[in-house]
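Visitor:
Numbering (the UniProt record's numbering), first residue to last: 1 to 113.
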């Protein structure tokens with residue numbers, strides 16, 4: 001890519017610029033995912049469960065049609081990356097992981113202060 005003075009933009013700067021643009025183009029995904037989680041009541045469901053929930057437990061507790069349940073994994077992955085939830089081992093010697101609340105997700109509870 002040429003600059004106004006016909007010099008080439010270094011590859012590293014070009015990659016950084018592309019990442020910057022993509023980050024801003026798709027930043028709405030985080031807020032839409034958070035809105036979806038709140039509307040589905042995911043923070044309250046996990047909180048009321050009292051301990052970390054596996055993906056299958058969470059899907060079973062959600063008020064969604066079964067055909068849409070496979071999208072919950074993707075939603076939770078975005079919310080994990082945004083640090084609204086964490087994934088922790090349910091038992092020390094077990095490989096099963098469950099979703100649990102973070103301080104940020106505690107603020108999303110219906111009865112939050």
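Idealized CB from N, CA, C, for every residue including glycine.
1. Sort 19, 76 and 32 by Cα distance to residue 98 and report the nearest one.
2. Measuring alpha carbon to alpha carbon, tell me which residue in 89, 17, 45 and 65 is nearest residue 110.
3. Could you check what DSSP says for residue 90 in three-state terms: helix, strand or coil?
4. Which one of 104, 74 and 96 has the shortest CA to CA distance from residue 29?
5. Go to residue 101, then tell me how far its beta strand (DSSP E) extends in each direction, as first and last residue.
6. Express the C-alpha separation of residue 8 and residue 118 in angstroms, rounding to a whole number.
7. Is DSSP giving residue 12 helix, strand or coil here?
8. What do you reckon, are the CB atoms on residue 105 and residue 85 nearer than 8 Å?
9. In the DSSP assignment, find the unbroken alpha helix (DSSP H) run with residue 112 in it and report its ends.
Guide: Result, derived from the coordinates:
1. Per the Cα distances, 76.
2. By alpha-carbon distance to residue 110, the top candidate from 89, 17, 45 and 65 is 45.
3. Residue state for residue 90 is assigned as coil, using DSSP reduced to three classes.
4. A check of alpha carbon separations from residue 29 across 104, 74 and 96 identifies 74 as the nearest.
5. Element bounds for residue 101: 97-101.
6. Residue 118 lies beyond the range of the chain shown here (1 to 113); nothing can be said about it.
7. Residue 12 carries a helical assignment under DSSP once its states are collapsed to helix, strand and coil.
8. Taking 8 Å as the Cβ cut-off, residue 105 and residue 85 qualify as a contacting pair.
9. From DSSP, residue 112 is part of no alpha helix (DSSP H); its letter is neither H nor E.
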